[in-house]
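Undergrad: Once you've had a glance at the structure underneath, I'll fire off some questions.
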Amino acid sequence: MAIRVTLPDGTIREYERGVTIEQVAASISAKLKKEAVAGKINGKPVDLNRPIEEDALVEIITLDSNDGLDICRHSTAHLMAQAIKRLYGDKAVKLGIGPVIEDGFYYDIDMEKPFTNDDLEAIEKEMEKIAQEDLPITRRVISREEAIKMFEAREEPLKLELIRDLPEDAVITVYTQGEFSDLCRGPHLPSTGRIRAFKLMNVAGAYWRGDAKNKMLQRIYGTSFPKKGQLDEHLQRLEEAKKRDHRKLGKELGLFMFSEEAPGMPFYMPKGMIVRTELEQFLRSMQQKRNYEEVRTPFIMKQRLWEESGHWDHYRENMYFTEADETKFALKPMNCPGHMLIFKNSLHSYRELPIRISEFGQVHRHEFSGALNGMMRVRTFCQDDAHIFVRPDQIEDEISRVIELIDRVYEVFGFEYRIELSTRPENSMGSDELWNQAETALRHVLDRLGIVYRINEGDGAFYGPKIDFHILDALKRSWQCATIQLDFQMPEKFDLSYIGEDNRKHRPVVIHRAVYGSIDRFIGILTEHYGGAFPLWLAPVQAKLLPLSDRYLDYVFQVKAALSEAGIRVEIDGRNEKLGYKIREAQLEKVPYMLILGENEAASGTAAVRKRGEGDLGIQSVQAGIDRICKEIREKR
């Protein structure tokens with residue numbers, strides 16, 4: 020009996036019932052059959068040999084796609100688990116889970132022997148052997164009883180726990196390659212021989228199923244790619260990332276520090292404070308031009324406020340609490356409720372809206388100690404928050420203005436970005452009607468502006484859908500920073516209103532907006548993006564004066580005074596060292612400009628100018644040097 024298969028381009032083909040994904044690929048082209056590793060039936064990933072039993076939308080997955088790469092990496096996780104079993108004994112190794120993650124995979128292992136770097140090398144060699152054996156990877160559906168018997172016989176308690184927790188109607192599948200079988204829903208590559216380029220990265224501790232009450236397992240991280248060249252390129256990027264690590268550069272450049280006395284809470288050194296202040300001032304000036312009004316709200320407010328806002332129900336596990344005068348208080352994890360109170364503090368006319376309230380607000384959120392990561396994951400940070408109170412008819416225009424602001428800011432830093440529309444999460448509050456209205460409004464804006472975006476189902480805030488901006492840094496890593504959230508809920512919670520043209524009370528809508536997101540995290544991202552070599556306008560030290568000897572210090576201080584008067588951040592290296600040494604030191608400090616000053620320069624009121632990345636610019640008058648530097652600062656270069 021024939022079935023109809025619809026391909027992604029809309030083409031419809033007829034095949035005999037039971038045709039496999041591989042056979043469909045072969046019917047399209049010999050090349051596609053060779054490159055195919057799996058498929059999708061009505062959007063669900065399946066193995067290459069899966070039969071198609073009814074009319075369906077069918078997609079062929081190849082290794083050069085994201086789906087194909089994920090399948091390759093998941094199969095590599097199984098390859099690693101098989102190699103570990105072979106090397107250390109089937110009974111000595113108890114397997115947990117081995118999922119795909121960004122840039123690779125991991126497998127959680129319960130084993131008495133701690134893994135070392137030498138062990139990782141041995142495991143890699145065994146993986147290469149198994150790959151060369153080109154073992155077929157086959158799928159089998161089994162009953163719950165059969166699964167329990169299988170993994171009881173293999174003495175795999177962690178797998179048995181997973182089986183027990185599966186829903187009653189779950190389809191249980193096992194994948195086998197040679198002597199190795201694993202509980203898995205798949206899909207996988209057709210055989211181990213299709214796994215060609217992989218690397219085991221490191222070992223870390225991980226609680227079973229992420230619960231600190233459970234046993235600590237060993238987690239081996241790895242990565243794989245279809246081609247060795249892709250793997251080599253990835254490893255080179257990782258090496259470059261190590262050199263750019265913001266924790267390393269932050270210490271070397273004197274930007275920020277951390278202390279055990281305040282885990283996950285950054286200390287800003289003088290030079291780091293300059294970077295932070297410049298970022299704030301830049302955004303502040305952009306906001307002032309767009310009629311934002313800056314406010315400051317308390318760090319700590321009564322618990323009942325957070326209950327009213329909805330944070331108590333949806334966010335309390337991430338909050339810090341205290342008590343005073345027999346009253347419970349909470350450190351703010353977000354600035355929104357404070358801004359709601361400011362809006363509610365006075366009456367507003369429809370003519371006043373939009374009202375744009377901004378704050379560089381310090382917030383506190385509890386993070387597990389194991390999740391802390393320099394400036395990228397902290398427990399306190401400054402959020403460049405704004406809340407825009409609008410009439411319903413102003414929503415789309417105002418969101419367009421926010422998108423324009425974010426685009427302009429990111430253009431200055433040279434960031435490319437992609438956009439996601441995040442929709443209603445499971446733990447949301449509010450009616451279906453308001454959520455649909457909010458999501459529709461965001462879609463309309465993006466569509467009207469012709470912006471390409473993807474839908475991120477279920478990742479909205481608990482009070483509303485959002486547009487997230489993911490920037491790409493110099494190493495093409497993605498970071499979610501800016502966000503625009505549309506909120507019909509908090510105006511209801513706080514009973515906000517304005518007087519409309521009809522002289523009646525109306526409910527405003529709130530647009531939550533951040534551009535940097537966390538300023539602290541943004542500084543960490545910028546430090547790695549620029550490799551510590553901040554653009555001139557952001558650089559903590561913009562120019563360094565290098566005297567050829569201390570005989571010219573009077574002239575050097577005259578030049579310093581002139582540069583400082585022009586608003587240029589300048590330092591003197593007056594040490595009794597050779598010029599070459601001073602230049603190298605300034606280069607290590609990533610200083611944008613060096614002015615070398617000696618007898619000839621003192622006599623002529625000039626300086627020998629060197630620029631980071633360009634080298635010697637020749638002799639210039641001090642005023643010409645000042646004009647050049649000031650122009651670049653104004654132009655944010």
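Letter by letter, the sequence shown follows residues 20 to 656 in our numbering.
Note that CB positions come from ideal geometry on N, CA and C, so glycine has one too.
Consider the Cβ of residue 25: report whether some Cβ of chain B lies at a distance smaller than 9 Å.
TA: Absent from the structure is chain B; it holds one protein chain and no more.
Undergrad: Taking only runs of the alpha helix (DSSP H) that begin and end inside the region 167-232, which ones reach a length of at least 4 residues, in chain order?
TA: Runs of the alpha helix (DSSP H) inside the region 167-232: 176-184.
Undergrad: Return the CA-CA distance between residue 352 and residue 537, expressed in angstroms with no decimal places.
TA: Roughly 12 Å separates the two Cα atoms.
Undergrad: Name the DSSP bridge partner or partners of residue 35?
TA: Answer by DSSP bridge pairing, in chain order: 21.
Undergrad: For a test of the three-state rule: what should DSSP assign to residue 93, helix, strand or coil?
TA: Helix.
Undergrad: How would you label residue 553, buried or exposed, when you count the other beta carbons within 10 angstroms and need 16 or more for buried?
TA: Buried.
Undergrad: Can the beta-carbon of residue 211 be found closer than 9 Å to that of residue 106?
TA: For residue 211 and residue 106, no; Cβs fall outside 9 Å.
Undergrad: Note down the Cα distance separating residue 201 from residue 94, rounded to an integer number of angstroms.
TA: Whole-angstrom Cα-Cα distance: 11 Å.
Undergrad: Have a look at the DSSP bridge pairing and note the partners of residue 655.
TA: Paired residues: none, contrary to the question.
Undergrad: For residue 499, I'd like the list of residues in its chain whose CB is within less than 6 Å of its CB, leaving aside the five on either flank, ordered along the chain.
TA: Contacts found: 487, 489.
Undergrad: Would you please state the rounded distance, in angstroms, between the beta carbons of residue 565 and residue 592? I believe it to be under 8 Å.
TA: Rounded, the Cβ-Cβ distance is 5 Å, consistent with contact.
Undergrad: Under 8 Å: do the region 262-276 and the region 398-408 share three or more Cβ pairs, one atom per stretch?
TA: No, the region 262-276 does not touch the region 398-408.
Undergrad: Determine contact between the region 634-643 and the region 540-555, defined as no fewer than three beta-carbon pairs at a distance below 8 Å.
TA: No: fewer than three Cβ pairs fall under 8 Å.
Undergrad: Give every residue of the same chain whose Cβ lies closer than 7 Å to the Cβ of residue 635, excluding the five residues on either side of it in the sequence, and list them in chain order.
TA: For residue 635, where only same-chain residues beyond five positions count, the Cβ hits under 7 Å are 629.
Undergrad: Taking the Cβ atom as the reference point for each residue, do residue 548 and residue 492 lie within a distance shorter than 9 Å?
TA: Contact flag set, yes.
Undergrad: Using a threshold of 9 Å, state whether the C-beta atoms of residue 82 and residue 76 are closer than that.
TA: No, the pair does not count as a contact, with Cβ atoms beyond the cut-off.
Undergrad: Are the region 508-518 and the region 560-580 in contact at 8 Å, needing three or more beta carbon pairs?
TA: The region 508-518 vs the region 560-580: no contact.
Undergrad: Short of 7 Å in beta carbon distance, which residues of its chain neighbour residue 366, apart from the five on each side in sequence? Order them along the chain.
TA: Closer than 7 Å at the Cβ level, and outside the excluded window around residue 366, lie 518.
Undergrad: Quick check: what's the CA-CA separation for residue 231 versus residue 388?
TA: Cα to Cα, the separation comes out at about 12 Å.
Undergrad: Cα-Cα, which of 71, 514, 584 is closest to residue 524?
TA: Checked all of 71, 514, 584; the closest Cα to residue 524 is 514.
Undergrad: Since residue 485 sits in a beta bridge, which residues does DSSP pair it with?
TA: DSSP lists 441, 504 as partners of residue 485.
Undergrad: Assess contact between the region 247-257 and the region 139-149, defined as three or more Cβ pairs (one per stretch) separated by less than 8 Å. Is contact present?
TA: The answer is no - the region 139-149 does not touch the region 247-257, with fewer than three Cβ pairs under 8 Å.
Undergrad: Can the beta-carbon of residue 263 be found less than 9 Å from the beta-carbon of residue 125?
TA: For residue 263 and residue 125, no; Cβs fall outside 9 Å.
Undergrad: Could you give the distance in angstroms between the alpha-carbon of residue 348 and the alpha-carbon of residue 329?
TA: Looking at the two C-alpha atoms, the distance is approximately 15 Å.
Undergrad: By a C-beta neighbour count over all protein chains shown, 10 Å radius and 16 as the cutoff for buried, is residue 281 buried or exposed?
TA: Classification of residue 281: exposed, given that the 10 Å Cβ count is below 16.
Undergrad: Taking the C-alpha atoms as reference points, what is the distance between residue 101 and residue 199?
TA: For residue 101 and residue 199, the distance between alpha carbons rounds to 6 Å.
Undergrad: Keeping to the same chain, check which residues put their C-beta closer than 8 Å to that of residue 96; ignore five residues upstream and five downstream.
TA: Cβ neighbours of residue 96 beyond the five flanking positions: 117, 118, 119, 124, 125, 126, 241.
Undergrad: Near residue 467, what residues of its chain come up, given a Cβ to Cβ distance below 8 Å and the 5 sequence neighbours on each side ignored?
TA: Only 415, 419 meet the Cβ criterion.
Undergrad: Using the rule of at least 16 other Cβ atoms within 10 Å of the residue's Cβ for burial, across every protein chain shown, is residue 160 buried or exposed?
TA: Flag for residue 160 reads exposed.
Undergrad: State the Cα-Cα distance for the pair residue 29 and residue 74, rounded to the nearest angstrom.
TA: Using only the alpha carbons, I get a separation of about 14 Å.
Undergrad: Between the C-alpha atoms of residue 180 and residue 158, what's the straight-line distance to the nearest angstrom?
TA: Near 21 Å, if we compare the C-alpha coordinates of residue 158 and residue 180.
Undergrad: List in chain order: all unbroken alpha helix (DSSP H) runs of 4+ residues lying wholly within the region 349-390.
TA: Runs of the alpha helix (DSSP H) inside the region 349-390: 355-363.
Undergrad: My guess is that residue 393 and residue 442 are in contact by the Cβ rule of under 8 Å, so how many angstroms apart are they, rounded?
TA: About 31 Å separates the two Cβ atoms, so there is no contact after all.
Undergrad: Report the option in 109, 286, 206 whose CA atom is closest to the CA atom of residue 171.
TA: Per the Cα distances, 109.
Undergrad: When you compare the region 574-591 with the region 643-652, are there three or more beta-carbon pairs, one atom per stretch, that lie closer than 8 Å?
TA: With the cut-off at 8 Å, the region 574-591 and the region 643-652 touch.
Undergrad: Would you say residue 38 and residue 60 are within 9 Å of each other, going by their C-beta atoms?
TA: No. Outside cutoff.
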